[in-house]
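For the sequence shown, the numbering used here begins at 1022 and goes up steadily by one. Everything on this sheet refers to the single structure shown next.
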Amino acid sequence: MALVAGIIFAFLTLVLRLEPHSPNFVPVAALALWAGAYLPRKIGFVFPLAVMFVSDAFIGFYDWRLMIVVYASFAAIIAVGWWVGKDKSLGRIFLASLAGSVLFYLATNFGVWALSSWYPKTAGGLADAYLLAIPFFRNTLAGDLFFNGVFFGSYALALFLSRLKTPEISYAGRPIR
């Protein structure tokens, strides 16, 4: 069941990344966290990174060094999902979602500062890189919390519903199948 859900979530993530959206309000990190929590490690690693690569092929590739930072950030969030997989409690999912958002913000904005010519290579330039990215961080955090709620919540609901016994329907004392 997890593999089917993973395919559905990956397709949804791909579509939502390709559709117009608020900056950074996408489910890629949620897919990474969910895949780390529920899928076998090799498959869990492939899904989010493959979605990023395919969507980047449509959107357009960018500086390969910065792409490595972005992809590595999602790989780290997959690893955070391994921690969630040990105890899929609401609190742990919430903390992991926050951690993923912060990790992505810190890593990618450091990468932009270090690898681009946008900011001076000074402490002030690094501070500017983080300061000017706060609106993107808000969207990242909101998107991660929302999509983690959707992915983890809908999967938990699907698991719950799959465990319910279908009541037997009968007519005149005989079961109808």
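Ideal Cβ placement from N, Cα and C applies to all residues, glycine included. Remember, it's a predicted structure, so these values are computed and weren't measured experimentally.
- prompt: Which two residues bound the contiguous alpha helix (DSSP H) that contains D1077?
  reply: 1062-1080
Notebook entry, point to check: So is I1099 buried or exposed if we call it buried at 16+ other beta carbons inside 10 Å?
Noted result: buried
key: Cβ pair S1175, M1022 closer than 8 angstroms   = no
Exercise for review: Take A1163 as the anchor and find which of A1031, L1060, H1042 has the nearest alpha-carbon.
Suggested key: H1042
Proximity winner among D1165, G1170, V1133, relative to L1152 (alpha-carbon distances): V1133
TODO: Please work out which residues of its chain come closer than 8 angstroms, Cβ to Cβ, to A1035, disregarding the five sequence neighbours upstream and downstream, and give them in chain order.
DONE: The residue you asked about is not Ala; residue 1035 is Leu in the sequence shown. Excluding sequence neighbours, L1035 sits near V1072, V1075, S1076.
Is it the case that the Cβ atoms of A1053 and P1069 are separated by a distance below 8 angstroms? yes
| query | Considering only the beta carbon of each residue, do S1118 and L1166 sit closer than 8 angstroms? | reply | yes
If we ignore side chains and look at the alpha-carbon of each, how far apart do V1105 and G1027 end up? 16 angstroms
3-residue-minimum beta strand (DSSP E) runs that sit fully inside the region 1082-1156, ordered along the chain = none
*Considering only C-alpha positions, which residue in the set D1149, T1143, W1103 is nearest to L1060?*
W1103
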